[in-house]
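Structure first, then comments.
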Amino acid sequence: METIERIIVDKDWISLLLLGVVFLIVLLNIINQKRLQKLLFLPFNDSYRLNYSQQTWHIFNILFFVVSNLILSLFVYVVILHFSPARIVNTANPYFRILSLVLIYWIFRYGLGKLMAFLFEIKKTQNKVAFMKMSYLFSSSLYLLLFLIIIIYYSNFKAFLINITIAFYAVLLLVRYVRFINIYKRLISTHLFYFILYLCALEIAPLFIAIKIGLQ
769 METIERIIVD KDWISLLLLG VVFLIVLLNI INQKRLQKLL FLPFNDSYRL
819 NYSQQTWHIF NILFFVVSNL ILSLFVYVVI LHFSPARIVN TANPYFRILS
869 LVLIYWIFRY GLGKLMAFLF EIKKTQNKVA FMKMSYLFSS SLYLLLFLII
919 IIYYSNFKAF LINITIAFYA VLLLVRYVRF INIYKRLIST HLFYFILYLC
969 ALEIAPLFIA IKIGLQ
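With this note's numbering as the guide, the letters of the sequence shown map in order to residues 769 to 984.
In structure tokens:
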């Protein structure tokens, strides 16, 4: 029989990371419990977007940006570990490398957004769109955290759970795009060229660059 290498993963640092994430969420709940509850139900209604769209640089958003990136990076780590473990085993500090790439993605995307808003004189619209999309990132991170905890500490059916999580996250992204198009459909219909340019510059290009850097 052909031997299969078994990869042992140290869960201690993951447990500490999750503990830190939970602590930050508790802190966010203390800062504004009502806002956190509205954020949780964002995929199902627009209450959060309508009530807090003017508070872009609120401490709540800054902390949740940190939380979301920690969760998203851990999920990417778990997915790579499952489907391509050699990339994790042969890389020094793989989680922090993934976290760095995620942050590069957001920095690059933020810079491009600001540049496009300046060039096309759509600063107010860009701010609203950016807030909406970041809010959906925050909301989906809460659901992703629940799935992550199950995947990490419940070894049975791990492949199935990972696939379900990916599918669920994809559905949340689809809901975000549907709501985005529905809210801005009049603007999109009259500026279709700019909308296509927006998709290429802010959705595809930053992701492509981050993936390309990560594969090096």
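Heads up, the beta-carbon is just placed ideally off N, CA and C, and yes, glycines get one too.
Taking 8 Å as the threshold (C-beta atoms), are residue j and residue i in contact?
i	j	result
F828	L912	no
T824	F899	yes
Q894	M902	no
S836	S783	no
V857	L792	no
Excluding the 5 residues preceding and the 5 following residue i in the sequence, name in chain order all residues of the same chain whose CB lies nearer than 8 Å to its CB.
i	result
L916	L786, I839, L842, F843, V846, T933
L929	F915, I918, I919, Y922
Could you give the distance in angstroms between the alpha-carbon of residue i and the alpha-carbon of residue j?
i	j	result
Y873	I964	19 Å
F812	H850	31 Å
D780	Y904	30 Å
L808	K802	10 Å
K926	V790	22 Å
E889	G881	11 Å
Taking all protein chains shown into account, decide if residue i is buried (16 or more other Cβ within 10 angstroms of its Cβ) or exposed.
i	result
G788	exposed
L795	exposed
M949	Before going on, a small fix: residue 949 reads as Ile here, not Met. Exposed: under 16 other Cβ atoms inside 10 Å.
Tell me which residues share the same chain as residue i and place their Cβ nearer than 6 Å to its Cβ, disregarding the 5 neighbours each side in the sequence.
i	result
I866	S841, V844, Y845
Following the continuous alpha helix (DSSP H) through residue i, name the residue where it begins and the one where it ends.
i	result
D780	780-799
I875	862-887
Q894	891-921
Ignore the nearest five residues each way along the sequence and tell me which others in residue i's own chain have a CB closer than 7 Å to its CB.
i	result
F832	L796, F906
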